[in-house]
Each structure stands twice: as C-alpha cells, then as structure tokens.
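Asks: Numbers 32 to 230, taken from my numbering, label the letters of the sequence shown in order. Using N, Cα and C, we set each Cβ at its ideal position, and we do this for glycine too. Here the structure is a predicted model, which means the values were calculated and not measured.
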Amino acid sequence: MAMATQKHVESLSIDKSVNLQILNYSAKEYRECQPSVSGRQYDKLVVGAAIFRQIPNLTSSKVPCILLLKRAPHELYFPNIFELPSGKVDLDDPTLKHALVREVKEETGLDITKISAQLGSMIYQTEKTIKSDAGVEAFVVKSAIQLNYVVSVSDGMVKLSIDEHSESRWATEEELDELHITDETRAVIREAFQWSASQ
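#1: With distance defined between alpha-carbon atoms, name the residue in D123, S42 and N50 nearest to G151.
#2: Since I believe T139 is in contact with L263 (beta carbons under 8 angstroms), could you give me their beta-carbon distance rounded to a whole number of angstroms?
#3: Does the stretch 100 to 120 come close enough to the stretch 188 to 198 that 3 or more CB-CB pairs lie under 8 angstroms?
#4: Grab the span of the beta strand (DSSP E) containing F109 for me, first residue to last.
#5: Is DSSP giving L127 helix, strand or coil here?
#6: According to DSSP, E198 sits in a beta bridge with which residue or residues?
#7: Exposed or buried, A35, counting other C-beta atoms within 10 Å across all chains shown (16 or more means buried)?
#8: What residue ranges within the stretch 145 to 216 form continuous beta strand (DSSP E) runs of no fewer than 3 residues, ordered along the chain?
#9: Would you decide whether P7 is buried or exposed? Buried here means 16 or more other CB atoms lie within 10 Å of its CB.
#10: Using DSSP bridges, identify the partner residues of K93.
#11: Along the beta strand (DSSP E) that carries K119, what are the first and last residues, could you check?
#12: Buried or exposed for S147, please, with buried defined as at least 16 other CB atoms from any protein chain shown within 10 angstroms of its CB.
#13: Work out the CA separation of F170 and D240 for me, nearest whole Å.
#14: Under 6 angstroms Cβ to Cβ from E222, same chain only, skipping five residues before and after it: list those, please.
#15: Short of 7 angstroms in beta carbon distance, which residues of its chain neighbour S185, apart from the five on each side in sequence? Order them along the chain.
#16: Can you tell me the Cβ-Cβ gap for L76 and A58, rounded? I've got them flagged as a contact below 8 angstroms.
#17: Could you please give the first and the last residue of the uninterrupted alpha helix (DSSP H) stretch that includes Q52?
#18: In its own chain, which residues sit with a C-beta less than 8 angstroms from the C-beta of Q85, not counting the 5 before and 5 after it?
Have a look at this one:
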C-alpha cells in the first residue's frame, strides 16, 4: 500500500461508537478471534460501505440517498444485483480499515474521510463446482461474512470499476423496493437509513 494511502488510513476520523479493535484486525486476526457460529473460521471476509449524500428532490428539500452499485452481468455470484460498495479483505491488507479504504477507492474512485457507524453484518455462503486438472469435479461451499460501515467520502463523481459493476445509483429509501437487491443487503441498507435519520 502506498505511503500516502497508509498515512490517510491512519489519520481517518472514526466515531467512538465504532469498534476500533475489529477495524484494526488483519484478516487473519479477525478469522481467529471472531469465528462463525459453527466455531470454524470464515473462508471469506468482506467489508462494505454505506455512503450517503444529501440530494435535492422535486420540492428543493434535500433527502438522503445511498450509493448502490449494480454488479456486472458476467459476475458469477449475484449478477445484475445492486449492492453496497464492498470487497474482500486481502491477505496483504494490514487491517480491515485499510481494506475498507482500498475497496471504496477501487470501486467508486472516492476517498473515505470518516467512518461514522458500524452496521449489521451479512453472513452467507458461496457455492460453485470446480474442476481439477484431472477433470474431476468437486462442489465447493465457502462461508463468508461482510462487515458493514457507514462512511463519509470526499466530494466527486463516482468512477466505476467496469470489470465489477455496470451502474452506480444514488437511491432514496423509497426507491429501494424498485431495485434488485438481496434481502440481506436490503436489511443493512434500511439500517443505514435509520442511522442517517437519527443524525
């Protein structure tokens, strides 16, 4: 990670309600200290960001809108589904905080300026069939957890990573029912809107 990014991450403003211990874990430390309900370590650790902007509506008052990204049609899991900016915590990410900053930058082109709140996690499984070099097929199931945070970002236009997403959208809470979103993601987004309304 570049030195400028390292300094940016270390100087981030983090609300006192956010569990800093978890944000400072590496992927390995999180897996060891926070096992799944089965007692096994999660195979995949993901971080997600709820990003809000106040956007004028037809009556000129401003309403909170959340940034959603539409997964590309070629994605193996959940193609064409809207989601929060999110991504896997890599082994070379020093901490979950670093991964969150990196993923938001990679997926939106925006810089996190503050981590304001911790939201509910999403626990899920991924399933796929893989083929070995010998041609033998195996069905693989992996457990995953996505830790979600409300973050503030720098001003600017969203710049999508077109390999991963085909569209970005600032959505009001009322617009959520029109969008293809998983039930688990919808629950986290609604929690984020509740947080926004309390501010």
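Replies: So, from the listed chains and residues:
#1: The sequence position of residue 151 within the sequence shown is 120, counting from 1. The shortest CA-to-CA distance from G151 to any of D123, S42 and N50 is the one to N50.
#2: Beyond the ends of the chain as shown, which are 32 and 230, falls residue 263; an answer cannot be given.
#3: By the Cβ criterion, the stretch 188 to 198 is in contact with the stretch 100 to 120, since at least three pairs of Cβ atoms, one from each stretch, lie closer than 8 angstroms.
#4: Position 78 of the sequence shown, counting from 1, holds the residue named residue 109. Looking at the DSSP string, F109 is not in any beta strand (DSSP E), and its letter there is neither H nor E.
#5: As a working note, residue 127 is residue 96 in the sequence shown. In this structure, L127 counts as helix in the three-state DSSP scheme.
#6: Counting from one through the sequence shown, the residue named residue 198 turns up at place 167. Looking at the DSSP output, E198 sits in a beta bridge with K101.
#7: For the purposes of this step, residue 35 is taken as the residue at position 4 of the sequence shown. Low confidence applies here, because A35 scores a pLDDT of 49, under 50, leaving its location unreliable and the question unanswered by this model.
#8: Secondary structure remark: continuous beta strand (DSSP E) runs of at least 3 residues inside the stretch 145 to 216, in chain order: 153 to 162, 168 to 184 and 196 to 202.
#9: The question about residue 7 has no answer here: the residues shown for the chain are numbered 32 through 230.
#10: As a position in the sequence shown, residue 93 is number 62, starting the count at 1. Paired residues: P87.
#11: What you label residue 119 is simply residue 88 of the sequence shown in a count that begins at 1. Unbroken beta strand (DSSP E) run through K119: S117 to K119.
#12: The residue given as residue 147 occupies position 116 in the sequence shown. Buried, because 16 or more other Cβ atoms sit within 10 Å of the Cβ of S147.
#13: Outside the displayed range of the chain (32 to 230) lies residue 240, so it cannot be described from this structure.
#14: In the sequence shown, counting from the first residue as 1, residue 222 sits at position 191. Here E222 has L150 and G151 as same chain residues with Cβ atoms under 6 angstroms from its own Cβ, once five neighbours each way along the sequence are excluded.
#15: Along the sequence shown, read from residue 1 onward, the residue named residue 185 stands at position 154. Excluding residues within five positions, the ones whose Cβ falls inside 7 angstroms are L141, D142 and T144.
#16: Your numbering for residue 76 matches position 45 in the sequence shown. Your numbering for residue 58 matches position 27 in the sequence shown. Yes, they are in contact, since the Cβ atoms of L76 and A58 sit about 5 angstroms apart, within 8 angstroms.
#17: For the purposes of this step, residue 52 is taken as the residue at position 21 of the sequence shown. Start and end: L51 to L54.
#18: Residue numbering aside, residue 85 sits at position 54 when the sequence shown is read from its first letter. Closer than 8 angstroms at Cβ, skipping near neighbours: K93, V94, P95 and C96.
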